[in-house]
Amino acid sequence: MKNIPILILLLFGSCVQAEKPPRPKVILTDEQLLDTVQYYTFQYFWKGAEPNSGMAPERIHIDGVYPDNDAHIITTGGTGMGLIGILGAIERGWISRQEAVGRFQKMLTFLEKADRWNGIWPHWLDGRTGRVKPFSPKDDGADLVESAFLMQGLLVVREYFKSGNEAEKSIAARIDKLWKEMDWTFHTQGKDVLYWHWSPRYGWEMNFPLEGYNECLIAYVLAAASPTHSISSQAYHKGWARSGGIRATNSGGYGFPLQLRHNGAEQLGGPLFWAHYSYLSLNPKGLKDQYADYWLENVNQTLINRAWCIENPKKFKGYGENLWGLTASYSINFYDAHRPGNDTGVISPTAAISSIVYTPEESMKVIRNLYENYGEKVFGPYGFYDAMSPEHNFFPQRYLAIDQGPMVSMIENYRSGLGWKLFMQIPEIQNGLERLGFSYQKPN
């Protein structure tokens, strides 16, 4: 029973099992509720991990139905998003350091042998073999953005273990080697911009430059921070920032201005994962450059998203102060990047929950409403399911790693700042931020 938070044992009794979340006998305090949500969401990356690799499966379907027969497919980026959650589990006594060391050793052995090109992993890998599973017909090689999501988490793990015992120092050294092998320069094609994909069969045919604003900021920060294959600041300013074209004019809504042009969603902002993925490790508090104050940008994007749901122009059932949050998730049309202006009546719990760092009181209302009033319809063995809709009576018991990871890591950042503190104290990261012209809040 050592993996069960003591509060959960006290509230539900000693018969509780992590595999089946209990219903509360009493109303939980906010801290107890966060403990419960964080614990079960962490289990996605712990008990739910793919057995051979120790990595996060792309999806877990409680009904066991996988139309693409992909239960064994792991996600590189989704794994990275959950790593702060594993470190948080150590700090909270849910697992031991030794158990975590064993898991990280398994992950690193897998990643060291898995398909990579110029040090960059693909989006999906077969967890049994380490071979690439194409994400799309020509997306069968290096995925720079997903690899950035993976490495931002791994660097936090490196920092956590760097001064530990010999086994822990070995983990840090192995991560450092993988980090130094990532060739960010190759992904510029010699131009002033990063490119997302490279294929061993199709080369650069996908031709997708990383231009802002969206979820990809962390790729530029890591590329500038690389001690071996760093990019020039011009790639950031000319490529990502579009030579200043990233700045917004008259964007935002409901009294909350946006400083940046959100790609394809200039007025009311993109799906909320844009405020999450790059900031699981990169602390947006005090983070500024010549284009934006990123804390203000993320807070305002979240408040616009919430205000849209409260206004509820399409009159969807359930929407309001206690049920809001539009982002990419499973949907009534399989999968959709929900946002203001592309609202189908589907709420993605990760949207409000991962925004708890920006809107703590507003996000807690959603967490409490989901947990107390919807219960087992929306909460299962790995935390809140990926999507729900009272309007469509849509309550799939299915999970996606890229939505569970931000929840568990952002809850930990909200409670302790663990991921943010570790990442922002890394010398290479500080050098990279300064190279790109950022000012930032240094850890205490």
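Residues 6 to 449 in our numbering are what the sequence shown lists, from first letter to last.
All C-beta atoms, glycine included, are put in the ideal place defined by N, C-alpha and C.
- In the structure shown, Thr190 falls within a helical segment according to DSSP collapsed to helix, strand and coil.
- The alpha-carbon of Gln48 is positioned some 35 Å away from that of Glu216.
- Under a 10 Å Cβ-count criterion, Ile416 is classified as buried, with 16 or more other Cβ atoms of the shown protein chains found around its own Cβ.
- The beta-carbon separation of Ala228 and Leu199, rounded to 6 Å, stays under the 8 Å limit for a contact.
- Secondary structure within the region 40–86: the beta strand (DSSP E) runs of 3 or more consecutive residues, fully enclosed, are 64–66 and 78–80 (chain order).
- Take Ser359, set aside five residues on each side of it, and the residues of its chain with a beta-carbon closer than 6 Å to its own are His281, Pro411, Met412 and Met415, in chain order.
- For Pro214 and Gly244, the gap between their C-alpha atoms comes out near 8 Å.
- Here Arg121 is buried, its C-beta having at least 16 other C-beta atoms within 10 Å.
- Within the model, the alpha-carbon separation for Met60 versus Ile79 is close to 6 Å.
- Look at Thr34 here: in three-state DSSP terms it is coil, with no helix or strand label.
- Within the DSSP bridge table, the entry for Met393 names Ile352 as partners.
- Collapsing the DSSP output to three states places Ala280 in a helix.
- Shortest Cα-Cα distance from Asn317 to any of Tyr207, Trp51 and Glu396 involves Glu396.
- Around Ile95, the same chain offers Arg102 and Ala105 as residues with beta carbons nearer than 6 Å, after the five sequence neighbours per side are excluded.
- About 6 Å separates the beta carbon of Ile352 from that of Gly330, a gap short enough to meet the 8 Å contact definition.
- Beta-bridge analysis with DSSP links His202 to Asp148.
- With at least 16 other beta carbons inside 10 angstroms of its own, Gln409 counts as buried.
- Taken in chain order, the complete beta strand (DSSP E) segments of 3 residues or longer contained in the region 203–274 are 252–258 and 261–265.
- Non-local beta-carbon contacts of Asn327 in its own chain, meaning distances under 7 Å to residues more than five positions away in sequence, involve Lys370, Val371 and Asn374 in chain order.
- Judged by DSSP secondary structure, Asp408 falls within the alpha helix (DSSP H) whose first and last residues are Ala406 to Ser421.
- Rounded to whole angstroms, the separation of the alpha carbons of Pro72 and Ala253 is 41 Å.
- For Ala94, DSSP assigns no beta-bridge partner whatsoever.
- For Ala333, the enclosing beta strand (DSSP E) covers residues Ala333 to Ser336.
- Taking one beta carbon from each stretch, the region 150–161 and the region 281–297 have 3 or more pairs nearer than 8 Å; the two touch.
- CA-CA distance, Asn268 to Gly346, rounds to 13 Å.
- In this structure, Phe339 is the residue among Phe339, Ile100, Val42 and Gln306 with its C-alpha nearest to the C-alpha of Arg403.
- Per the coordinates, the alpha-carbon of Gly208 lies some 24 Å from the alpha-carbon of Gln239.
- Excluding five sequence positions before and after Ile236, the CB atoms of its chain that fall closer than 8 Å to its own CB belong to Trp189, Thr190, Thr193, Leu199, Tyr225, Ala228 and Ala229, given in chain order.
- With a threshold of 16 other beta carbon atoms within 10 Å, Ala177 meets it and is buried.
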